[in-house]
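Residue numbers (my numbering): 51 to 337.
Backbone N, C-alpha and C define an ideal beta-carbon position, used for all residues, glycine too.
Single-structure report; data block below.
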């Protein structure tokens, strides 16, 4: 945003920036209601879709019209259908779909709107699940981590230089995206993916689809309270440290040290801020 404004805020671009939530909320609502997947199967009227969703017909019509205005839907007479290319992006089976990230950002928004209260209290807001429920929200988070990491994983692994590890420990491995990238780079290596027990089935499913399940051990646990699996020589800590306090990170690194074989390596990927804590801007927003 800093670059877009080139250091000069005006009433116009301030209004544009603060009004951007409207389009986002329209897409978030459609994703939460699974409208894109429903309309991928067949075009529907607002009345028929409202009945399927057990929703208010007038409100459904307004939402569909907004989606059509944004170019995500096509409205012909009273029928709504997906615009070209939308299914690939916003349905579960779409190639390159980012539905998980969209749903995760919708979940984040419920906390973001409480930012002023958080500043006053100094405490994070209470989580509130979406209409899809807490379990589905957790799955959306894991899918979002894949959406974010998958485009860059192979390149970043390649930029680490020649790798020669025997056994990878992927701490907080989530979707398994980084485990897959590392095992594809080092063809004879094995990996242990460590994450919360309810995340493991999602990681196992993705790694099985990649044809790498025989090279991976799946370990359920909590790195805040449990020891890490040992006898590894390469530990990957991707986007974990930013969520911890300094004390928690010191404890985590002690556990990593205990898990690593002598001469083992730990590699981090995370948000790193400049001394002013204002650059990069994305990091300041993420905080």
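Residue i and residue j closer than 8 Å at C-beta
i, j, result
"residue 235", "residue 266", "no"
"residue 282", "residue 219", "yes"
"residue 139", "residue 150", "no"
"residue 78", "residue 132", "no"
"residue 232", "residue 271", "no"
"residue 164", "residue 179", "no"
"residue 242", "residue 217", "yes"
"residue 291", "residue 320", "yes"
"residue 81", "residue 166", "no"
"residue 107", "residue 96", "yes"
"residue 113", "residue 76", "yes"
"residue 337", "residue 252", "no"
"residue 239", "residue 215", "yes"
"residue 90", "residue 137", "yes"
Alpha-carbon spacing of residue i relative to residue j, whole angstroms
i, j, result
"residue 94", "residue 261", "39 Å"
"residue 60", "residue 117", "28 Å"
"residue 24", "residue 293", "Since the first residue of the chain shown is 51 and the last is 337, residue 24 is not available in this structure."
"residue 170", "residue 92", "48 Å"
"residue 305", "residue 278", "6 Å"
"residue 123", "residue 173", "40 Å"
"residue 326", "residue 58", "21 Å"
"residue 280", "residue 302", "14 Å"
"residue 88", "residue 307", "49 Å"
"residue 135", "residue 148", "12 Å"
"residue 322", "residue 335", "13 Å"
"residue 130", "residue 74", "20 Å"
"residue 329", "residue 71", "23 Å"
"residue 105", "residue 313", "60 Å"
"residue 192", "residue 111", "31 Å"
"residue 276", "residue 64", "47 Å"
"residue 249", "residue 158", "19 Å"
Nearest neighbour of residue i, chosen from the options [CA to CA]
i, options, result
"residue 197", "142, 243, 159", "142"
"residue 204", "227, 187, 215, 183", "227"
"residue 297", "274, 90, 317", "274"
"residue 213", "237, 192, 195, 269", "237"
"residue 211", "269, 317, 111, 193", "317"
"residue 83", "67, 101, 68", "101"
"residue 348", "154, 63, 322, 252", "Residue 348 falls outside the range modelled here, since the chain spans only 51 to 337, and no answer is possible."
"residue 200", "190, 186, 230", "230"
"residue 246", "269, 254, 264", "269"
"residue 160", "144, 187, 109", "187"
Helix, strand or coil at residue i according to DSSP, with G and I counted as helix
i, result
"residue 312", "strand"
"residue 213", "coil"
"residue 151", "helix"
"residue 240", "strand"
"residue 129", "strand"
"residue 104", "coil"
"residue 267", "strand"
"residue 284", "strand"
"residue 110", "helix"
"residue 221", "strand"
"residue 272", "coil"
"residue 115", "helix"
"residue 328", "coil"
"residue 134", "coil"
"residue 319", "strand"
"residue 94", "strand"
"residue 84", "coil"
Contact test: residue i Cβ vs the ligand ZN heavy atom, cutoff 7 Å
i, result
"residue 273", "Summarising the ligand content, the structure contains no ligands, and the ligand ZN is consequently not present."
Within 8 Å, do at least three Cβ pairs link the stretch 209 to 226 to the stretch 286 to 303? By the Cβ test, the stretch 286 to 303 is in contact with the stretch 209 to 226, since at least three Cβ pairs between them sit closer than 8 Å.
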